[in-house]
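Report on the structure given below.
Numbering (the working numbering), first residue to last: 143 to 314.
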């Protein structure tokens with residue numbers, strides 16, 4: 143099986159994406175190797191996407207209104223550079239695709255000191271009815287919001303460095 147690997151985007155490309163958050167790596171995020179522990183890359187990438195989903199009308203703040211939330215069905219993590227205590231970082235997000243009940247997206251962590259990509263996280267999140275715990279369709283106003291964001295992110299001019307092992311399933 144042959145896969146074409148897309149090169150990771152450069153710093154100047156990633157900063158074109160919406161920034162979800164910015165902070166410095168705190169000392170308590172470090173592990174025995176004196177760099178940020180892997181669990182915090184996942185935490186920061188997840189938080190960035192949660193904030194982006196909230197801007198789209200999704201997320202935990204909308205559970206009371208919609209009776210829906212998102213469950214992550216799959217993710218792929220890739221570490222590009224280590225991060226140390228005190229390093230300024232930012233998290234940027236990109237939407238890739240959707241179906242009527244799932245969203246394919248990525249989070250990018252940037253090392254703002256060295257102007258480089260440190261981490262990518264790709265995921266597929268499924269829209270879920272909180273009462274039935276089953277997949278359900280996005281509400282129409284949320285679909286419109288997602289479609290606008292997808293169009294903006296698709297217009298960037300550089301391909302997303304997807305893993306090639308996940309995405310939105312099509313039932314044609």
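From the three backbone atoms N, C-alpha and C, an ideal C-beta is built for every residue, glycine too.
Computed from a predicted model, the values in this text were never measured in an experiment.
Supposed contact pair residue 249 and residue 191 - C-beta distance, whole angstroms, cut 8 Å: Taking the first residue of the chain shown as position 1, residue 191 is located at position 49. Taking the first residue of the chain shown as position 1, residue 249 is located at position 107. Contact flag correct, Cβ pair sits at about 5 Å.
Alpha-carbon spacing of residue 154 relative to residue 261, whole angstroms: Taking the first residue of the chain shown as 1, we reach residue 154 at position 12. Taking the first residue of the chain shown as 1, we reach residue 261 at position 119. Using only the alpha carbons, I get a separation of about 15 Å.
Reduced DSSP secondary structure (H/G/I, E/B, other) of residue 158: Residue 158 sits at position 16 when you count from the first residue of the chain shown. Coil.
Residue span of the alpha helix (DSSP H) that contains residue 282, given as start and end: As a working note, residue 282 is residue 140 in the chain shown. Note, residue 282: alpha helix (DSSP H), 282–296.
Exposure label - residue 299; buried when at least 16 CB within 10 Å: Locating residue 299 in the chain shown gives position 157, where the first residue counts as 1. Residue 299 is exposed by the Cβ-count criterion.
Distance, residue 203 Cα to residue 118 Cα: With the chain covering only 143 through 314, there is no way to say anything about residue 118.
Reduced DSSP secondary structure (H/G/I, E/B, other) of residue 184: As a position in the chain shown, residue 184 is number 42, starting the count at 1. Residue state, collapsed to three classes: helix.
Whole-angstrom distance between residue 242 and residue 280, CA atom to CA atom: For the purposes of this step, residue 280 is taken as residue 138 along the chain shown, with counting starting at 1. For the purposes of this step, residue 242 is taken as residue 100 along the chain shown, with counting starting at 1. The straight-line gap from Cα to Cα measures roughly 6 Å.
CA-to-CA distance, residue 234 to residue 156, given in whole angstroms: Along the chain shown, one-based indexing puts residue 156 at 14. Along the chain shown, one-based indexing puts residue 234 at 92. If you take the alpha carbons of residue 156 and residue 234, they lie about 7 Å apart.
Burial state of residue 195 (16 or more Cβ within 10 Å): Sequence index remark: in the chain shown, residue 195 carries index 53 (1-based). Residue 195 should be labelled buried.
Cβ-Cβ separation, residue 151 to residue 303 (assumed contact under 8 Å), whole Å: Along the chain shown, read from residue 1 onward, the residue named residue 303 stands at position 161. Along the chain shown, read from residue 1 onward, the residue named residue 151 stands at position 9. Sure, about 7 Å apart at Cβ, within 8 Å.
Residue 239 - partner residues in DSSP beta bridges: As a working mapping, residue 239 is identified with position 97 in the chain shown. Beta-bridge pairing links residue 239 to 246.
Buried/exposed call for residue 229, threshold 16 Cβ in 10 Å: Along the chain shown, read from residue 1 onward, the residue named residue 229 stands at position 87. Per the 10 Å Cβ criterion, buried.
Check whether residue 215 and residue 266 have beta carbons under 8 Å apart: The sequence position of residue 215 within the chain shown is 73, counting from 1. The sequence position of residue 266 within the chain shown is 124, counting from 1. Yes, these two residues count as a Cβ contact at 8 Å.
Cut-off 6 Å between Cβ atoms - residues of its own chain near residue 316, not counting five sequence neighbours on either side: With the chain covering 143 to 314 only, the question about residue 316 has no answer from this structure.
Rounded Cβ spacing between residue 264 and residue 217 (contact assumed at less than 8 Å): Walking along the chain shown from the start, residue 264 turns up at place 122. Walking along the chain shown from the start, residue 217 turns up at place 75. Residue 264 to residue 217, Cβ: 6 Å. Contact.
Spatial distance of residue 175 from residue 286 (CA atoms): Translated into positions along the chain shown, residue 175 becomes position 33. Translated into positions along the chain shown, residue 286 becomes position 144. Going from the Cα of residue 175 to the Cα of residue 286 covers about 45 Å.
Backbone CA spacing between residue 231 and residue 273 [nearest angstrom]: Counting from one through the chain shown, the residue named residue 231 turns up at place 89. Counting from one through the chain shown, the residue named residue 273 turns up at place 131. Roughly 37 Å separates the two Cα atoms.
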